[in-house]
Amino acid sequence: MRFDVIANITARLYRRRPSLLDEMKRVSAGVAEVHPTTHVDELDAVCARIAARGTDLVVLSGGDGSFMAGVTALARAFGESSLPRLALLPGGTVATVARNFGMQGDPARLLARLFASRALASRQRATLRVREAREGATTTRIGFIFGTGLVARFFDIYYADGAGGYGGAARIAGRIFVESFVDGPYARQVLTPMPCTIEVDGKRLASDRWSLVCASVVRDLGLGMRVNYRAGEDLDRPHLVASPLSPRSLGPRAPLVLLGKSIGGAGSFDDLARSFVVRFSPEGPYVLDGDVLRASEVTVSAGPPIDVVTL
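According to the numbering used here, the residues represented by the sequence shown are 207 to 517, in order.
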């Protein structure tokens, strides 16, 4: 069998542990070709070379943004209907998607276990197709977790605070939750509804301000947050949760999210959808797999199913 490993060596774990790339190469010696990358622009060329000669498994190692960029580049190179089997190994700050797929721990050890396995078990997983429109241009990406409203504001604070992994995210989430009961300024900064409209399967939702908009194909968004508790239920229909609730109404509902239950509330949407469109005026922020982006319009639908190897 022919294996390929694409490692984003700018991901946090690779930066903090410079020997990790050499460890991945040692594990791969005689088994797989390792392709270190430092910028998203390199991925198209790497994936085109792999597609030209063929492969049985592509291992992506990095953070959530690395997985999104890697799957997007592979879909361009192979075609969405001909994607190879994939394995996602953590290497970034959080790697939430890899955790959802059962991949936790040291990437070199996980890679060794993959190569030592006599029969690689895999499972078909859903993805999101996210098409943004901005300044007359469109860009399409294949990812796993989409969000705006409080999701975008949370990541703004998280990155400004140094992107401190689960610990840093937990501190921010805890402060927001506590302040939401007293309408504190920190909670208002994150939870105040954001101006935008949402159209689901051709029908516009009533509100023009949304505090939470999240669609995902994995159930745990990090810190045990199961906003999209029906994620992955249908390969053709992602789970969308959208709420227009005020900070004081939304914050105290966090325990429902931890329990994997609907947050509910007047005017909210919580269901599977074939597609939805978020429109900002003129532009607004959104997050795809941890990457903060901007657009005037974002269309989200089911992406190509991928065959993901698990241990």
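We treat Cβ as the ideally placed atom computed from N, Cα and C, and that holds for glycine.
Bear in mind the structure is a predicted one, so any value in this text is a computation, not a measurement.
Where the alpha helix (DSSP H) through residue i begins and ends
i, result
"SER507", "Run containing SER507: none in the alpha helix (DSSP H); it sits in the beta strand (DSSP E), 497-508."
"PHE383", "371-386"
"ALA322", "313-322"
"LEU397", "391-397"
"ARG480", "First-last for ARG480: undefined, no H or E at that position."
"THR216", "Premise fails: THR216 is in no alpha helix (DSSP H) and is neither H nor E."
"VAL303", "302-306"
C-alpha gap between residue i and residue j, whole angstroms
i, j, result
"LEU326", "GLY373", "33 Å"
"ALA472", "ALA279", "40 Å"
"GLU385", "SER417", "16 Å"
"GLU405", "ASP476", "13 Å"
"PRO450", "VAL463", "16 Å"
"ALA460", "MET400", "19 Å"
"LEU295", "ALA448", "30 Å"
"GLY490", "SER502", "6 Å"
"LEU266", "ALA293", "6 Å"
"PHE520", "ARG480", "Residue 520 lies beyond the stretch modelled for the chain, which goes from 207 to 517, so this question has no answer here."
"ALA375", "ALA217", "17 Å"
"TYR407", "GLY466", "Reading off the sequence, residue 407 comes out as Asp, not Tyr. Looking at the two C-alpha atoms, the distance is approximately 24 Å."
"ARG291", "GLN395", "42 Å"
"ILE378", "ALA258", "45 Å"
"ASP367", "GLY380", "15 Å"
"ILE256", "LEU289", "11 Å"
"ARG500", "LYS409", "23 Å"
"TYR214", "PHE387", "Note that residue 214 corresponds to Asn in the displayed sequence, not to Tyr. So the alpha carbons of these two residues sit roughly 41 Å apart."
"SER413", "ALA235", "56 Å"
"ALA339", "THR345", "7 Å"
"PHE383", "SER468", "17 Å"
Given residue i as reference, the closest of the options once Cα atoms are compared
i, options, result
"ARG347", "GLN395, SER272 and SER234", "SER272"
"TYR435", "HIS445, VAL252, GLY428 and LEU441", "HIS445"
"GLY438", "GLY371, GLN310, SER507 and LEU317", "SER507"
"ALA343", "ARG232, LEU517, TYR392 and VAL504", "VAL504"
"GLY269", "PRO391, PHE350 and LEU397", "PHE350"
"VAL493", "ALA479, VAL357 and ASN214", "VAL357"
"CYS420", "PRO290, VAL484 and VAL515", "VAL484"
"GLY285", "GLY308, ASP250, ARG305 and LEU317", "ASP250"
"VAL498", "ASP513, TYR364 and GLU229", "TYR364"
"PHE321", "MET230, HIS245 and ASP440", "MET230"
"TYR324", "MET207, GLY236, PHE352 and ALA304", "Reading off the sequence, residue 324 comes out as Arg, not Tyr. Answer by Cα proximity: MET207."
"THR244", "ARG255, LEU227, VAL233 and ARG340", "LEU227"
"LEU429", "ASP495, PRO391, ALA412 and GLY371", "GLY371"
"GLN330", "GLY496, SER468, LEU441 and LEU478", "LEU441"
"VAL233", "PHE360, ARG432 and ASP312", "ASP312"
"SER422", "THR354, ASP362 and PRO391", "THR354"
Residue i, enclosing beta strand (DSSP E) - first and last residue
i, result
"SER272", "Unbroken run through SER272 is the alpha helix (DSSP H), 270-284; no beta strand (DSSP E)."
"ASP362", "Note, ASP362: premise wrong, no beta strand (DSSP E); alpha helix (DSSP H) at 356-366."
"ALA472", "Per DSSP, ALA472 belongs to no beta strand (DSSP E) and is neither H nor E."
"PRO511", "Where PRO511 is concerned, there is no enclosing beta strand (DSSP E), given that its DSSP letter is neither H nor E."
"THR299", "It is not in any beta strand (DSSP E) - THR299 carries neither H nor E in the DSSP assignment."
"VAL419", "418-422"
"GLN330", "327-331"
"ALA238", "238-243"
"VAL406", "403-406"
DSSP state of residue i mapped onto helix, strand, coil
i, result
"GLU248", "helix"
"TYR492", "strand"
"VAL211", "strand"
"ALA343", "strand"
"GLU439", "coil"
"ARG259", "helix"
"GLY457", "helix"
"ASP228", "helix"
"SER487", "strand"
"LEU411", "coil"
"LEU446", "strand"
"LEU292", "strand"
"LEU334", "strand"
"LEU462", "helix"
"VAL233", "helix"
"SER452", "coil"
Beta-carbon spacing of residue i, residue j below 8 Å
i, j, result
"PRO453", "ASP389", "yes"
"TYR220", "GLY276", "no"
"ASP426", "THR302", "yes"
"VAL240", "VAL264", "no"
"PRO510", "THR333", "yes"
"LEU456", "LEU517", "no"
"PHE307", "CYS402", "no"
"LEU317", "MET309", "no"
"VAL515", "SER225", "no"
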